[in-house]
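Written below as structure tokens is the structure these notes are about.
Protein chains: 2
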Amino acid sequence: MAKPTLNDVASAAGVSRATASRALSGYGRISPITVSAVKAAAEKIGYQPNAIAQSMRAGKTRTIGLVIITDFTNVFFNRATKGIVDTARAMGYQVLIFNTNEDVVLEREAIITLTQKRVDGLIVVPSTAEGHEHLISLTKSRTPLVIIDRVLPGVKATSITTDDASSCEAAVDSAVALGHRHLAFLVATPTVSGYQSDVPQLLNSAIESRVKGFLAGTQKQKKIRADWIFCDESPETALEAAAKLCDSPMRPSVIFTSNNDMAQAVLKVVAERDLIIGKDISLVTVDDSTWLEAIYPGITVIQRPVDELAQLAVTKLVAQMETSSKRVETILLPTKLVTRGSIADLS
Amino acid sequence: MAKPTLNDVASAAGVSRATASRALSGYGRISPITVSAVKAAAEKIGYQPNAIAQSMRAGKTRTIGLVIITDFTNVFFNRATKGIVDTARAMGYQVLIFNTNEDVVLEREAIITLTQKRVDGLIVVPSTAEGHEHLISLTKSRTPLVIIDRVLPGVKATSITTDDASSCEAAVDSAVALGHRHLAFLVATPTVSGYQSDVPQLLNSAIESRVKGFLAGTQKQKKIRADWIFCDESPETALEAAAKLCDSPMRPSVIFTSNNDMAQAVLKVVAERDLIIGKDISLVTVDDSTWLEAIYPGITVIQRPVDELAQLAVTKLVAQMETSSKRVETILLPTKLVTRGSIADLS
DNA sequence: ACGTTTTGCGAGAACGCTCTCGCAAAACGA
DNA sequence: TCGTTTTGCGAGAGCGTTCTCGCAAAACGT
Chain A
1 MAKPTLNDVA SAAGVSRATA SRALSGYGRI SPITVSAVKA AAEKIGYQPN
51 AIAQSMRAGK TRTIGLVIIT DFTNVFFNRA TKGIVDTARA MGYQVLIFNT
101 NEDVVLEREA IITLTQKRVD GLIVVPSTAE GHEHLISLTK SRTPLVIIDR
151 VLPGVKATSI TTDDASSCEA AVDSAVALGH RHLAFLVATP TVSGYQSDVP
201 QLLNSAIESR VKGFLAGTQK QKKIRADWIF CDESPETALE AAAKLCDSPM
251 RPSVIFTSNN DMAQAVLKVV AERDLIIGKD ISLVTVDDST WLEAIYPGIT
301 VIQRPVDELA QLAVTKLVAQ METSSKRVET ILLPTKLVTR GSIADLS
Chain B
1001 MAKPTLNDVA SAAGVSRATA SRALSGYGRI SPITVSAVKA AAEKIGYQPN
1051 AIAQSMRAGK TRTIGLVIIT DFTNVFFNRA TKGIVDTARA MGYQVLIFNT
1101 NEDVVLEREA IITLTQKRVD GLIVVPSTAE GHEHLISLTK SRTPLVIIDR
1151 VLPGVKATSI TTDDASSCEA AVDSAVALGH RHLAFLVATP TVSGYQSDVP
1201 QLLNSAIESR VKGFLAGTQK QKKIRADWIF CDESPETALE AAAKLCDSPM
1251 RPSVIFTSNN DMAQAVLKVV AERDLIIGKD ISLVTVDDST WLEAIYPGIT
1301 VIQRPVDELA QLAVTKLVAQ METSSKRVET ILLPTKLVTR GSIADLS
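Chains as they are written, first to last, in the numbering used here: chain A, 1 to 347; chain B, 1001 to 1347.
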């Protein structure tokens, strides 16, 4: 009842194992008659080649590892995952997924397991801004590696990120042009606990880029006030932080949030206070979602090219794997400010 | 520069390959001194066991295949994927993911590839309501298989689904109790193209269960009107169908949608017509999302126990794999109607 | 002190595949 | 016709493990 092997095919076809392999894999010298005989025999006994044995022989697995935060609430990583899985499949590769929940211990374990499973390459969203020895040792052992949504100065690997800074700056400009003079930034980052109004010393590059963009936007304007709140990623803290902004005697006229979870917290708090988005208070966030378009008013958003990023991650990785080139690229994809109805016109 | 093998460890430690294996894998008779010597040698040369070779030898891969619709807009499958990946990891298994986009051709290919990669078991969300020969042949070759979110009468495999019918019925009851007499059902199903008001002959079991629940709810009441619209899953059709409902001279007072995408279409159409959810028109949908709670008013929803389902899928599958029992179970998990503010009180 | 059991380890096979090598038979050339 | 090239195929090795078997040395029993 065991799965038929190449040996079974060979004896069914009355040839040697070598010939059977030649017939099925199409290499070497073999007569057309034998080929069809072997193929018929294989079909008949329901032969399925053992990819494990093939990998063993070839030293390649046609599998890539994905180490990511597959948080279901985060559109960006959901879409990226789907994009990576689909692109990989189209190129003949399968994807072994690990989810880290931004825990560097899980990340390290994931990478060890994937190395042991001998994946041909890895796509990683690193969870912390430091402590990347495990990634560095990957590059040292010449394992193809692509880092997405983060840039890690210490790691010599291709990284693909989005240019959040310029769109964030554009978002600030846009709000200021509409008459806003009191801006607030609600930024979620795993490196703080609770919330605080001063910039944490450690930010991952994606968040850092957004902060820089917002900052650049505010600093080039005169006479505007900018409040900052950095908070951890728990829904409770997000609500507290959003409430603090809304209940302040000096309520900002526009809130910029660094991700959809924060935007949701703002929406909730705003609704509880009977305020109307796009009228009493304005909102801009990062990463588009169908929800941001479905609700009323639509939320103005910084759209990031996630499908392109996913596709590029796979193609760059596969290029590395198949040519074993050591060329490291740092790719920055453009983002777009999509204007909907959530910024009030105060002018 | 090639990866060190067990042979390298053995010669570094001055023992045989067999002894090195014994020391690292902890079996057979071996002296404690040798064990630590071998471990030290392994550590020193940076040995990582080759899981491919282990799989080859053992005939097990400690990998499970997941064939699913990883549509980023669908909370249910996102959460299920995350739950499955995390539970599997905790149990020492890795997950190879395939996305079918509900295309049975891709599903078939995915299953062939996974069989060839010799996964120890499979979790599948079948894409069509018929044509499951590939799944049947899986069960015939005794590959452990768990089907989630669908029940396939022809396939002898464990299936885990949610009891959508009873909650859908409860949702209807709840609306009727609040004075609603004209109900509409907007149901997305891949088996129709465009939209139609009569029940299609072919529905997958998940959709069927919801339709049955809605029907049961309406049929036990007197003097109420129920409109049905079945439509494909494209955003455009969804909007058309939602518009048709809202623009009808006899506009229903409450709309039930079969998933979040349809709910979004309704929200959009309703907003365009300056109607207010929970006041001018009511809405209930299936599958909770943080958005349904964040927006105002919160949308009343039929919550399905997706984390439990994911966990159960993995544990049941692993149980099958590790005991090679052939026991087939059909598990139905309870759902919950979570009331928020989206059903107007007309009484 | 001698026989018996226990202990520790090495030799070698096996998992299923691919591919090199060599050999016989067929095809070719003059 | 005989020598040379080409063709088709089988034998066998090797990828990196695990594990059975057998053997020598150590430990034990009387």
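We treat Cβ as the ideally placed atom computed from N, Cα and C, and that holds for glycine.
### Message
Give me the residue from 1050/B, 1056/B, 1022/B, 1029/B with the minimum Cα distance to residue 1038/B.
### Response
1022/B
### Message
So with CB distances below 9 angstroms, who are the chain B contacts of residue 56/A?
### Response
1050, 1052, 1053, 1055, 1056
### Query
By the criterion of Cβ-Cβ separation under 7 angstroms, what are the contact partners of residue 349/A in chain B?
There is no way to answer for residue 349/A, as the model of chain A reaches only from 1 to 347.
### Message
Report the CB separation of residue 1186/B from residue 1299/B in whole angstroms; it is logged as a contact under 8 angstroms.
### Response
Actually they do not touch by this definition, with Cβ atoms about 14 angstroms apart.
### Query
What is the rounded straight-line gap between the Cα of residue 128/A and the Cα of residue 113/A?
19 angstroms
### Task
In the DSSP assignment, find the unbroken alpha helix (DSSP H) run with residue 1084/B in it and report its ends.
1075-1090
### Task
Compile a chain-ordered list of the residues in the segment 161-187 of chain A whose CB is closer than 9 angstroms to at least one CB of chain B.
none
### Query
Name the chain A residues that come within less than 7 angstroms of residue 1320/B, Cβ to Cβ?
In chain order: nothing, as chain A lies at least about 16 angstroms away.
### Query
Which chain A residues sit within Cβ distance under 7 angstroms of residue 1291/B?
264, 291
### Query
Between the segment 152-161 of chain A and the segment 296-316 of chain A, do three or more beta carbon pairs fall short of 8 angstroms?
yes
### Message
Bridge partners for residue 337/A per DSSP, in chain order?
### Response
302/A
### Task
Sort out for me which residues DSSP pairs residue 182/A with in a bridge.
225/A
### Task
State the DSSP-derived secondary structure class of residue 985/B, mapped to helix, strand or coil.
Only positions 1001 to 1347 of chain B appear in this structure, which leaves residue 985/B out of reach.
### Message
Does residue 2/A come out as helix, strand or coil in the three-state DSSP assignment?
### Response
coil
### Message
Does chain B have any CB closer than 8 angstroms to the CB of residue 295/A?
### Response
yes
### Query
Which bits of chain A does residue 1267/B rub up against, with CB to CB less than 8 angstroms?
294, 295, 296
### Query
Hey, residue 76/A and residue 304/A are a contact pair by Cβ (cut 8 angstroms); roughly how many whole angstroms apart?
7 angstroms
### Task
Taking only the alpha-carbon atoms, compute the straight-line gap between residue 1261/B and residue 1073/B and give it to the nearest angstrom.
7 angstroms
### Message
Quick check: residue 282/A and residue 253/A, are their CB atoms within less than 8 angstroms of each other?
### Response
yes
### Query
Can you name the residues of chain A whose CB is closer than 7 angstroms to the CB of residue 1044/B?
By Cβ distance, chain A contributes nothing, its closest Cβ being about 15 angstroms from residue 1044/B, past 7 angstroms.
#### Entry: Beta-carbon proximity of residue 179/A to residue 280/A, cut-off 8 angstroms
no
### Message
Suppose you measure from the CA of residue 1325/B to the CA of residue 65/A; what does that come to, to the nearest Å?
### Response
31 angstroms
### Task
Would you verify that the beta carbon of residue 1078/B is, or is not, closer than 8 angstroms to some beta carbon of chain A?
yes
### Query
In the segment 1096-1124 of chain B, which residues sit with their C-beta less than 9 angstroms from some C-beta in chain A, listed in chain order?
1096, 1097, 1098, 1099, 1101, 1106, 1109, 1110, 1112, 1113, 1114, 1115, 1116, 1117, 1118
### Query
Out of curiosity, what's the CA-to-CA distance linking residue 190/A and residue 1036/B?
39 angstroms
### Query
Secondary structure at residue 213/A, three-state DSSP: helix, strand or coil?
helix
#### Entry: Span of the alpha helix (DSSP H) around residue 24/A
17-25
### Task
Quick one: list the residues of chain B neighbouring residue 72/A, beta-carbon separation under 7 angstroms, in chain order.
1075, 1078, 1079, 1082
### Task
For residue 16/A, I'd like the list of residues in its chain whose CB is within less than 7 angstroms of its CB, leaving aside the five on either flank, ordered along the chain.
10
### Query
At least one CB of chain B closer than 8 angstroms to the CB of residue 313/A: is that the case?
no
### Query
Looking at the unbroken beta strand (DSSP E) that takes in residue 99/A, where does it start and where does it end?
94-99
### Query
How far does the alpha helix (DSSP H) with residue 1151/B in it reach, from first residue to last?
Looking at the DSSP string, residue 1151/B is not in any alpha helix (DSSP H), and its letter there is neither H nor E.
### Query
Rounded to a whole number of angstroms, what is the C-alpha to C-alpha distance between residue 67/A and residue 1235/B?
31 angstroms
### For residue 1048/B and residue 63/A, believed in contact at Cβ under 8 angstroms, the rounded distance
Between residue 1048/B and residue 63/A the Cβ distance is about 16 angstroms, and since that is not below 8 angstroms, they are no contact.
### Task
Output the distance between the C-alpha atoms of residue 1338/B and residue 1258/B, rounded to the nearest integer angstrom.
15 angstroms
### Query
So with Cβ pairs under 8 angstroms, would you call residue 196/A a contact of chain B?
no
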